[in-house]
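S.K.:
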Amino acid sequence: LDLIHREHERIDFDNDTILDLHSLLRTKESNVRSYKKKDNAIISIDPYGQRHLVYEPVPASETNWHMEQLCLAYKELSTQGYEPLLYIPCVILDFLSIHPFIDGNGRTSRLLTMLLLYKEGIDVCRYVSMDEYISGTKRDYYDSLQYSSFGWRENRWSYFPFIRYFLRTLLECYIDLDTRFALVDGKGINRKQTVESILSKSVAPMSIGQIRKVLPDVSVYTVRKVLQSLLEEGRIEKIGNTKGARYIYRR
Numbered sequence: 019l020d021l022i023h024r025e026h027e028r029i030d031f032d033n034d035t036i037l038d039l040h041s042l043l044r045t046k047e048s049n050v051r052s053y054k055k056k057d058n059a060i061i062s063i064d065p066y067g068q069r070h071l072v073y074e075p076v077p078a079s080e081t082n083w084h085m086e087q088l089c090l091a092y093k094e095l096s097t098q099g100y101e102p103l104l105y106i107p108c109v110i111l112d113f114l115s116i117h118p119f120i121d122g123n124g125r126t127s128r129l130l131t132m133l134l135l136y137k138e139g140i141d142v143c144r145y146v147s148m149d150e151y152i153s154g155t156k157r158d159y160y161d162s163l164q165y166s167s168f169g170w171r172e173n174r175w176s177y178f179p180f181i182r183y184f185l186r187t188l189l190e191c192y193i194d195l196d197t198r199f200a201l202v203d204g205k206g207i208n209r210k211q212t213v214e215s216i217l218s219k220s221v222a223p224m225s226i227g228q229i230r231k232v233l234p235d236v237s238v239y240t241v242r243k244v245l246q247s248l249l250e251e252g253r254i255e256k257i258g259n260t261k262g263a264r265y266i267y268r269r
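Residue numbers for the sequence shown follow the numbering used here, so the first one is 19 and each next one is one higher.
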């Protein structure tokens, strides 16, 4: 992580970088700084202990060629004026669909995501951990990955499920960052004023859970009480009526 934070401007997205990042993360001495030498598969195990094939990546014999094509595709996309918030998740999906290593593909992909965001001037990962959001939404992450990678080898897949997940996760990171900055001038005010300040400076509606991430020492009961008071005063608006309801400041 420190390497990418410090040196992202000089790090290229190429095979050498990918192999270097993976070697830094490796947990086994085998498969050091090289792509897989044998075929692998993504398997799930059901509650009864039965193994099911989820996805079959490209064979080991084709991995080097696919990775070379991926690096060339990124170079073209990044120099031809395409929208980085759309092509970055496409590059990461292709990487995960190729699955070039026996293990460590997920962790490597998250480092590559951070690198590509940095290279496009998107530095939210300097302040907020995207990994935490992915860990907290693993089901959505794996579902989007499975939906998008289905048919990848047959050239009949769709990037959109994974793009939607990626953009939603990035938005959550910015909401977190925005609310953290909202606390900078919050010293010496009571909890009601603090919650109101957070909402007034947030660019997007916030849930109770998001508010408590910023104010972990404030109980759910207190947050709900403050929100109810602000609603009655007409200072905020409630969006939705379920547990996932969010609140936004009236401008």
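Don't be surprised by glycine CBs; every beta carbon is placed ideally from N, CA and C.
Whole angstroms is fine: what's the gap from ALA78's alpha carbon to HIS70's?
M.R.: Cα to Cα, ALA78 sits roughly 21 Å from HIS70.
S.K.: So what does DSSP say about LYS56, is it helix, strand or coil?
M.R.: LYS56 falls in the coil class under three-state DSSP.
S.K.: Does VAL236 come out as helix, strand or coil in the three-state DSSP assignment?
M.R.: VAL236: coil per DSSP, three-state reduction.
S.K.: Just to confirm before moving on: does the CB-CB distance between SER166 and SER176 stay below 8 Å?
M.R.: Their beta carbons are under 8 Å apart, which means SER166 touches SER176 by this criterion.
S.K.: Return the CA-CA distance between VAL72 and TYR159, expressed in angstroms with no decimal places.
M.R.: Cα to Cα, VAL72 sits roughly 14 Å from TYR159.
S.K.: Measuring CA to CA, which of ILE266, LEU43, SER127 is closest to ILE216?
M.R.: Out of ILE266, LEU43, SER127, ILE266 has the C-alpha closest to the C-alpha of ILE216.
S.K.: Drop a sphere of 10 angstroms on the beta-carbon of ASN11, count the other beta-carbons inside from all chains shown, and report buried for 16 or more, exposed for fewer.
M.R.: Nothing about residue 11 can be reported from this structure: the residues present for the chain run from 19 to 269 only.
S.K.: Assign HIS70 to one of three DSSP states: helix, strand, or coil.
M.R.: Strand at HIS70.
S.K.: Please classify LEU129 as buried or exposed, where buried requires at least 16 neighbouring CB atoms within 10 angstroms.
M.R.: It counts as buried.
S.K.: With a threshold of 16 other CB atoms inside 10 Å of the CB of ILE257, please say whether the residue is buried or exposed.
M.R.: By the 10 Å Cβ count, ILE257 comes out exposed.
S.K.: Note down, in chain order, each residue of its chain lying with its Cβ closer than 7 Å to the Cβ of ARG230, except the 5 sequence neighbours on either side.
M.R.: Excluding residues within five positions, the ones whose Cβ falls inside 7 Å are VAL236, VAL238, VAL241.
S.K.: Hey, how far is the Cα of CYS97 from the Cα of LEU134?
M.R.: The residue asked about is misnamed: residue 97 is Thr in this sequence, not Cys. Taking the straight line joining both Cα atoms gives about 13 Å.
S.K.: Count the other C-beta atoms from every protein chain shown that fall within 10 angstroms of the C-beta of ASN259, then say buried if there are 16 or more, exposed otherwise.
M.R.: So ASN259 counts as exposed.
S.K.: Under three-state DSSP, which class holds GLU94?
M.R.: GLU94: helix per DSSP, three-state reduction.
S.K.: Please work out which residues of its chain come closer than 7 Å, Cβ to Cβ, to ASN58, disregarding the five sequence neighbours upstream and downstream, and give them in chain order.
M.R.: Closer than 7 Å at the Cβ level, and outside the excluded window around ASN58, lie PRO75, HIS117, ILE120.
S.K.: Please list, in chain order, all residues of the same chain as GLU190 whose beta carbon is under 6 Å from its beta carbon, the five residues on each side excluded.
M.R.: Closer than 6 Å at the Cβ level, and outside the excluded window around GLU190, lie TYR151.
S.K.: Select from GLY124, GLY67, ARG28, GLU138 the residue whose C-alpha is nearest the C-alpha of LEU43.
M.R.: Of the candidates GLY124, GLY67, ARG28, GLU138, the one whose C-alpha sits nearest the C-alpha of LEU43 is GLY124.
S.K.: Between ASP32 and ARG253, what straight-line distance do the alpha-carbon atoms span, to the nearest angstrom?
M.R.: So the two alpha carbons sit approximately 51 Å from each other.
S.K.: Whole angstroms is fine: what's the gap from ASP38's alpha carbon to ASP30's?
M.R.: Distance between the alpha carbons of ASP38 and ASP30 is about 11 Å.
S.K.: With GLU25 as the anchor, note down where its alpha helix (DSSP H) starts and where it stops.
M.R.: Counting along the chain, the alpha helix (DSSP H) containing GLU25 begins and ends at 20–25.
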